[in-house]
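Engineer:
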Amino acid sequence: MKKICFVTTVSITIKAFLLQFTDYLVNEGYDVTFICSTDESMYKLCNDHIHYIPVPMKRGVGFDGLSVINKLTKIFKKNNFDIIQYSTPNASLYASIAAKRAGCKNRLYCQWGIRYMGFEGGIKRMIFKQIEKIVCQKSSVIECESDSIYNFSINEKLYPASKGSVIWNGSACGVDLNKYRIEKKPIWRQEVRKELNITENATVFGYVGRITRDKGANELLSAFREVIKTKEAYLLMIGMFDDANTINADLREWSEKSKHVIFVDWTDKVERYYSAMDVFCSLSYREGFGLVVIEAAAMGLPGIVTDVPGQVDTIAPNVDGWSVPAKNVDRVIYTIEHCIDNLDEVRQYGSNARRHVEEKYEQNELFRRLTEHRDILCDAHE
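Just so we're aligned: the sequence shown equals residues 290 to 671 in my numbering.
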């Protein structure tokens, strides 16, 4: 069996992006090991071909780096993996160095975003750019989540063009169309709107993800506060406040009191809540791709998305969504108002969005191509 090891900083990344791909790999003859910071629930995933090794790692800047690298190096040497795959900033730095030290031939960096893209110059951007360069230099092959991230990396001279690639049309895990069932949308829409006390003819804009500054939450709330002064609409926000101090205090206070803004904690039935929306909003400052945009599109939602690398790949502007500059509240206001005034266009764009996902991001086809890529890496070093 081919042996692959996935390394992430925390377990949530594995649970959100890698579990379904893991099942596919096991069926294709792979033995899979997960490494992340300690999470007892990860042991429940283990069987004869899926293993878990906890290695405590901190999110953000920490002083545990050297210790983590040493632990990973020992694990990698002992297990002799065919491929070591890593993503998320800290795990990628530690694993790329350790895998190189351990002599692993296939050091696969899944570039699911570039952290320094969201920084506006200064020492912080310089430091994180240097970290990204180290990860890329230590990796033997780089799998980019989107064409725009690949092009950004080449322009930034993070690695030579021959070292990186985008598999199929990008995305870390595609969309499971057995979960995002468009034929169930009318039923789910009615159920959720009744549950949340939203009338059927109301226009609902939606957001899914961490509610934090870098995801554009301040701009979304600011724009919506202005829009509802003259127009009737709702904003449905699915997720939890993260780094709450990055949300403007007055905006948070206003939104939590407003009858036009509805907050729902994170749910594993997110497809039902997409069904209750009319337009999806993702105003992030930086993204590797924008998975939530194509998940929403799978439920027939056009997107208002920022034109940052990664996310810009998720829509065709004026076909299945609208592109706006990052941090530009005025353009967001204009676009939201345009949607409210042009619901026929919204519905047509939503239909186009669903077709776009079916053609470009169906999960099993992506998994087939990702597995084929890993097979080639393993065969090259036999």
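Backbone N, C-alpha and C define an ideal beta-carbon position, used for all residues, glycine too.
DSSP three-state label for K292, please.
Structural biologist: It is a strand residue.
Engineer: Taking 8 Å as the threshold (C-beta atoms), are T297 and A387 in contact?
Structural biologist: No, these two residues do not count as a Cβ contact at 8 Å.
Engineer: Under the three-state reduction of DSSP, which class applies to I604: helix, strand or coil?
Structural biologist: Coil at I604, not helix or strand.
Engineer: Less than 8 Å between the CB atoms is what I'm expecting for C294 and I358, so what's the real figure, rounded?
Structural biologist: Contact doesn't hold; Cβ gap of about 15 Å is too wide.
Engineer: Run through DSSP, which three-state label would R396 get?
Structural biologist: In this structure, R396 counts as strand in the three-state DSSP scheme.
Engineer: Return the chain-ordered list of same chain residues with a C-beta closer than 6 Å to the C-beta of T501, the five sequence neighbours on each side being excluded.
Structural biologist: Answer for T501: D531, D532 and T535, listed in chain order.
Engineer: What do you reckon, are the CB atoms on S385 and V481 nearer than 8 Å?
Structural biologist: Contact flag unset, no.
Engineer: Whole angstroms is fine: what's the gap from C393's alpha carbon to E317's?
Structural biologist: Approximately 22 Å, taken between the alpha carbons.
Engineer: Closer than 7 Å by C-beta to V455: which residues in its own chain qualify, once you throw out the five before and the five after it? Chain order, please.
Structural biologist: Excluding sequence neighbours, V455 sits near C433, S435, D436 and Y439.
Engineer: Starting from C325, trace the beta strand (DSSP E) in both directions and tell me its first and last residue.
Structural biologist: Counting along the chain, the beta strand (DSSP E) containing C325 begins and ends at Y319 to C325.
Engineer: Return the chain-ordered list of same chain residues with a C-beta closer than 6 Å to the C-beta of V550, the five sequence neighbours on each side being excluded.
Structural biologist: Answer for V550: L524 and S544, listed in chain order.
Engineer: Extract the residue ranges of the beta strand (DSSP E) inside the segment 433-517, only unbroken runs of 3 or more that lie entirely within it.
Structural biologist: You should have 453-455 and 493-497.
Engineer: Buried or exposed: which applies to F352, given that a residue is buried once 16 or more other Cβ atoms fall within 10 Å of its Cβ?
Structural biologist: Exposed.
Engineer: Compute the distance between the beta-carbons of R575 and W477, then report whether it is under 8 Å.
Structural biologist: In this structure, W477 does not lie closer than 8 Å to R575 by Cβ.
Engineer: By Cβ distance below 7 Å, which residues in the same chain neighbour V424 in space, the five residues on each side in sequence not counted?
Structural biologist: Cβ within range, chain order: S381, L382, S385 and Y398.
Engineer: Which residues mark the beginning and the end of the alpha helix (DSSP H) in which F306 is found?
Structural biologist: Start and end: S300 to F306.
Engineer: Can you give the Cα-Cα distance for S573 and G505, rounded to whole angstroms?
Structural biologist: The alpha-carbon atoms of S573 and G505 are separated by roughly 5 Å.
Engineer: Starting from L659, trace the alpha helix (DSSP H) in both directions and tell me its first and last residue.
Structural biologist: It spans Q652 to A669 - the alpha helix (DSSP H) in which L659 sits, taken as one unbroken run.
Engineer: On the three-state DSSP scale, how would you describe F530?
Structural biologist: F530: strand per DSSP, three-state reduction.
Engineer: Is G410 helix, strand or coil by DSSP?
Structural biologist: Three-state DSSP puts G410 in coil, outside helix and strand.
Engineer: Return yes when the Cβ of M566 is within less than 8 Å of the Cβ of F494, no when it is not.
Structural biologist: Yes, these two residues count as a Cβ contact at 8 Å.
Engineer: Expressed to the nearest angstrom, what Euclidean distance is found between the alpha-carbon atoms of E489 and V635?
Structural biologist: Cα to Cα, the separation comes out at about 16 Å.
Engineer: When we look at the beta-carbon of G453 and count the other beta-carbons within 10 Å, is it buried (16 or more) or exposed?
Structural biologist: G453 comes out buried.
Engineer: Checking the sheet assignment: what are the DSSP bridge partners for P343?
Structural biologist: The partner list for P343 (beta bridge, DSSP) reads C325.
Engineer: On a Cα-Cα basis, can you pick out the residue from D539, E521, F323 and G411 that is closest to K548?
Structural biologist: Minimum Cα distance to K548 is reached at E521.
Engineer: Taking the beta carbon of C335 as the centre, do at least 16 other beta carbons fall within 10 Å, making it buried, or is it exposed?
Structural biologist: Exposed is the call here.
Engineer: Under the three-state reduction of DSSP, which class applies to F370: helix, strand or coil?
Structural biologist: Coil, per DSSP.
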